[in-house]
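Below: the structure, in structure tokens.
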Amino acid sequence: MSAPRVVLGIAGASGAALGVAVARRLRTLGAGIDLVNSTAAERTIATECGPDALRGLHKLADRVHPILDIGATIASGSTDIAGMIVAPCSMRSLAAIANGLDDNLLTRAASVQLKERRRLILLTREAPLTLAHLRNMTAATEMGAIILPPVPAFYLMPANLDEVVDQIAARAVDLLKIGPQAAIAWQA
């Protein structure tokens with residue numbers, strides 16, 4: 000059996016380190032990574048993770064798809080994909096996904112996961128939330144997406160931000176069910 004192939008979408012919301020951590024976690028599992036990031040994400044990655052972070056992220060991916068390449072393989076349900084994670088997921092991308100606006104490759108690839116009944120994990124990033132955000136989260140959930148706001152597991156007593164990011168990334172990848180559980184579980 001070949002390694003699972005996963006689409007990783009990175010939208011322009013704050014929290015670019017989440018996408019990088021998800022890519023590292025997927026690489027550790029041996030999963031193939033099809034990366035698509037928005038133009039806004041490129042700026043956010045450089046601002047939050049450093050000027051060379053995008054190049055490092057691209058090295059983790061097996062395939063990097065331009066955001067406007069609507070004809071890429073990941074835009075088709077016939078491509079064997081295990082699922083998709085959007086980390087972070089901006090409210091703009093959430094709205095497009097929730098309303099079926101396949102206007103770029105990130106939102107089209109997400110739509111494909113939904114229509115093929117594959118896992119779609121959205122690490123939605125915004126606070127506070129408007130009623131529009133909540134309705135879009137509800138709509139995406141009703142279609143089969145999993146909304147995973149990147150909320151720290153404070154009960155784990157993380158020592159630093161890297162531990163918080165790694166735990167959230169592990170939780171997102173665990174939800175794909177393509178490998179053994181990596182997120183630290185609650186111990187009563």
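Letter by letter, the sequence shown follows residues 0 to 187 in numbering that gives the first Met the number 0. Ideal placement from N, C-alpha and C gives every residue a C-beta, glycine not left out.
I167 is the residue among L93, A131, D173, I167 whose C-alpha sits nearest the C-alpha of A152.
Nearest Cα to N36 within the set G82, T27, V6: V6. In the three-state scheme derived from DSSP, where H, G and I count as helix and E and B as strand, M142 is classed as coil. I120 has I84, I145 as its beta-bridge partners, per DSSP. Within the same chain, V6, G8, V35, I73, A74, M83 come within 7 Å of A108 by CB-CB distance, once the 5 residues on both sides are set aside.
A direct Cα-to-Cα measurement between G55 and T38 gives close to 17 Å. The closest CA to that of R23, considering only V164, L174, Q186, is found on V164. Note on geometry: alpha-carbon atoms of S92 and A30 lie some 24 Å from one another. Taking the C-beta atoms as reference points, I120 is found no nearer than 7 Å to A184.
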